[in-house]
Every structure is written in C-alpha cells, then in structure tokens.
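Trainee: Note that the protein sequences, when read in sequence, are chains A and B.
Those letters in the first sequence? Residues 300 to 413, per our numbering, in order.
Those letters in the second sequence? Residues 6 to 121, per our numbering, in order.
Cβ coordinates follow ideal geometry from the N, Cα and C atoms, glycine included.
Got a structure here, written out as structure tokens. Questions coming.
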Amino acid sequence: EPEVTQTPSHQVTQMGQEVILRCVPISNHLYFYWYRQILGQKVEFLVSFYNNEISEKSEIFDDQFSVERPDGSNFTLKIRSTKLEDSAMYFCASSEARGTDTQYFGPGTRLTVL
Amino acid sequence: AQSVTQLDSHVSVSEGTPVLLRCNYSSSYSPSLFWYVQHPNKGLQLLLKYTSAATLVKGINGFEAEFKKSETSFHLTKPSAHMSDAAEYFCVVSETGKGGYNKLIFGAGTRLAVHP
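Written as structure tokens, this is what we have:
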C-alpha cells in the first residue's frame, strides 16, 4: 500500500541553524501539507501546497518557513533560522484531490532545537 | 471557525471490554469528520471518515463512529478492545480554506490504554 515517507525521523540542531525536513508524498497525489505538534499540544496546520504554490498558510508559517517541491517526488519544509520553540514533531500529508479528500500522513520528523 | 473537543484525555479499559472515545464538534455547516490513530513512533493513520453519506461509519480494526447532528457528536466505539488498540486517537474536522483547499483541525487527542 502506498504511503507517505519522511526523513529524517529525528533531527537535532542548534538554535539559529537551518534545517530541511523531507517528505515523499504518495505518487499520484497532488496536494501537500505540513502540520506540527509541539509536545503536549494539538496537531496544528502549517501550510498547504498545490501546483508549486502555497494555497494557504497559518499564522505560525512566518518568513522563517518555506516549502518547495524540488523535483517530481520530494516535498520539503525549510526552517531558515531555528528557534527553541520550533522543537516539535512535523508531519507531512498528501491528498489526491482538494476539498474534503482524505489526507494521508507520514510518520513525522521529530525536530529538537538546542 | 470549526473545532473539535475530545472530552477525555485518557481512557483506560480492560481487554475484551467496549471502547468509547468521545468527541464533540463545532461547525457552521455539515462537516467532514475523521478519526486518526497514532501508535507509538508511527504516523497518523486514518481510522474512518464521515462525509454525510451515512451517520454510522465503519472503519478499520472494528472501530465505528456515529455522527449525531443534534448532539454535535462523533464518538468512536469498538465492541471489544484488543491490546493492540492502545494508542493515541485524534478526532479531526476538515475546514475548507482559501481556494477550496481543506485543512484539518485536530482535537487534543485521547490516549487509550488497554489492560490485560
């Protein structure tokens, strides 16, 4: 069964460093998302992406964040200068269509900023 | 804005007994609702989805949920718990954003423990 994959599973970085989180969505899906979950808090929407453009972003998704689909398979989330409060589990998701179509999630990347 | 409230942060049951995980939603129109499960060190797996076709929705692993508009509830049930059901469960509502793209709004989660 096709699944969303994410790498790395765990990333440790120093405050102020740039990190890139990678995701490979399900191959025939066209809509991509990032969510995050700070420890002990709810899973929060960050951004949706379609046709090489951001469709919607949350208030959390400020200028430090960017997303990209650099090739036909990968979908990346970049945090330019990490802060302590960026420590969280980051989930990538994809869906075949927009609207209320089901989103399929990857296993997550745990980011720890020291 | 839409929201979901999971009424219990922790639920503990014995193996073989029924499971009830409670969820209430707030929505200005007929919502799309989901239950996702997260096992330790695993991703978020879809259990089931409601999109107005039928009020009783059957999912994987024997779980089902009933949409009750009058009570704004979407509780998750299973007749008989298994040890492998121990996980965190999220009630989720889909909100349509800009351009028709949907984003998911998550509840806080309910951690289910199953005892022998």
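1. Measuring CB to CB, does valine 303 (chain A) end up less than 9 angstroms from alanine 396 (chain A)?
2. For tyrosine 41 (chain B), count neighbouring C-beta atoms within 10 Å of its own C-beta (all shown protein chains included) and say buried if the count is 16 or more, exposed if not.
3. Taking only the alpha-carbon atoms, compute the straight-line gap between histidine 328 (chain A) and phenylalanine 79 (chain B) and give it to the nearest angstrom.
4. What does the Cβ neighbour count give for serine 57 (chain B), buried or exposed, with the cut at 16 atoms within 10 Å?
5. Restricting to Cα atoms, I'd like to know which of B:Thr60, B:Glu93, B:Ala70, B:Tyr55 is closest to glutamine 43 (chain B).
6. Counting only Cβ pairs nearer than 7 angstroms, list the residues of chain A close to leucine 49 (chain B).
7. Could you please give me the residues that DSSP links to lysine 356 (chain A) through a beta bridge?
8. At least one CB of chain A closer than 9 angstroms to the CB of asparagine 107 (chain B): is that the case?
9. Scan the region 339-355 of chain A for residues whose Cβ lies nearer than 7 angstroms to a Cβ of chain B and list them as they occur along the chain.
10. Taking Cβ positions only, does alanine 113 (chain B) come closer than 9 angstroms to chain A?
11. Taking 8 angstroms as the cut-off, does the region 27-36 of chain B touch the region 71-78 of chain B (at least 3 CB pairs, one atom from each stretch)?
12. Express the C-alpha separation of valine 412 (chain A) and histidine 15 (chain B) in angstroms, rounding to a whole number.
13. Looking at the structure shown, is isoleucine 378 (chain A) part of a helix, part of a strand, or coil, going by DSSP?
14. Mind checking if asparagine 46 (chain B) is an interface residue toward chain A, Cβ cutoff 9 angstroms exclusive?
15. Check the Cβ of phenylalanine 95 (chain B) against every Cβ in chain A and list those closer than 9 angstroms, keeping chain order.
16. With distances taken Cα to Cα, identify the nearest neighbour of glycine 67 (chain B) among B:Gly112, B:Val24, B:Leu117, B:Ala6.
17. Which stretch, first to last residue, makes up the beta strand (DSSP E) that contains asparagine 107 (chain B)?
18. Tell me which residues of the region 54-88 of chain B have at least one Cβ-Cβ distance to chain A shorter than 9 angstroms, keeping chain order.
19. Any idea if valine 366 (chain A) is buried or exposed, counting beta-carbon neighbours within 10 angstroms, 16 or more meaning buried?
20. If you scan the region 22-81 of chain B from start to end, which runs of the alpha helix (DSSP H) of 4 or more residues do you find wholly inside it?
21. Rounded to whole angstroms, how far is the Cβ of glutamine 402 (chain A) from the Cβ of tyrosine 349 (chain A), which I believe are closer than 8 angstroms?
Mentor: Concretely, from the data shown:
1. no
2. buried
3. 28 angstroms
4. exposed
5. B:Glu93
6. Phe390, Phe404
7. A:Val346
8. yes
9. Lys341, Val342, Phe344, Ser347, Tyr349, Ser354, Glu355
10. yes
11. yes
12. 29 angstroms
13. strand
14. yes
15. Lys341, Val342
16. B:Val24
17. 107-111
18. Lys54, Thr56
19. buried
20. none
21. Between tyrosine 349 (chain A) and glutamine 402 (chain A) the Cβ distance is about 13 angstroms, and since that is not below 8 angstroms, they are no contact.
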